[in-house]
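Engineer:
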Amino acid sequence: MDPQVRKLKKLIETHLHQSKNQILMIYGRPKKNSDSEIWFFRKFRFSFFNDEIAFIFEEDKVVDICLTQYFLWQEVKNIYYLEGQDPEYKVVPML
Numbered sequence: 010m011d012p013q014v015r016k017l018k019k020l021i022e023t024h025l026h027q028s029k030n031q032i033l034m035i036y037g038r039p040k041k042n043s044d045s046e047i048w049f050f051r052k053f054r055f056s057f058f059n060d061e062i063a064f065i066f067e068e069d070k071v072v073d074i075c076l077t078q079y080f081l082w083q084e085v086k087n088i089y090y091l092e093g094q095d096p097e098y099k100v101v102p103m104l
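Residue numbers (our numbering): 10 to 104.
Next up, the structure:
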């Protein structure tokens, strides 16, 4: 299993159906381009690769999470969770 898929699986297991307040306590304030239905959090590391997590809300509860991987500030791939479908996780390369 791809390491990014494992990371998204862990995020789904941990944060799916959590409230906005719980996400705020864990991750702090979302990025400026967030709105009331989708919040973005960028995870910076001293690395060529960085991640952005998007929490999608419905009625103030997390209903979906998307993980985007960047290489040198260029979008490389998006990983989506597809509940109840096969395969459950979809990796979409951007390059």
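Backbone N, C-alpha and C fix where the C-beta goes; we use that ideal spot for every residue, glycine too.
(1) Taking its Cβ as the centre, do 16 or more other Cβ atoms sit within 10 Å of F81, making it buried, or is it exposed?
(2) Across the segment 65-76 and the segment 19-28, are there enough close Cβ pairs to call them in contact, namely three or more that are closer than 8 Å?
(3) Around the Cβ of V101, are there at least 16 other Cβ atoms within 10 angstroms (buried) or fewer (exposed)?
(4) In angstroms, rounded to a whole number, what distance separates the CA positions of E84 and H26?
(5) Going by beta-carbon coordinates alone, are Y89 and V14 separated by less than 7 Å?
(6) What does the Cβ neighbour count give for P96, buried or exposed, with the cut at 16 atoms within 10 Å?
Structural biologist: With the given structure in hand:
(1) In the sequence shown, counting from the first residue as 1, residue 81 sits at position 72. Checking the sequence, you will find Leu at residue 81 rather than Phe. The residue is exposed, with fewer than 16 neighbouring Cβ atoms inside 10 Å.
(2) At 8 Å Cβ cutoff, the stretches touch.
(3) By one-based count along the sequence shown, residue 101 stands at place 92. Around the beta carbon of V101, fewer than 16 other beta carbons sit within 10 angstroms, so the residue counts as exposed.
(4) In the sequence shown, the residue the question calls residue 84 occupies position 75. In the sequence shown, the residue the question calls residue 26 occupies position 17. In this structure, the straight-line span from the alpha carbon of E84 to that of H26 is close to 27 Å.
(5) Looking up residue 89 in the sequence shown gives position 80. Looking up residue 14 in the sequence shown gives position 5. In this structure, V14 does not lie closer than 7 Å to Y89 by Cβ.
(6) Reading the sequence shown from its first residue, position 87 is the one you call residue 96. With fewer than 16 neighbouring CB atoms inside 10 Å of its own CB, P96 falls in the exposed class.
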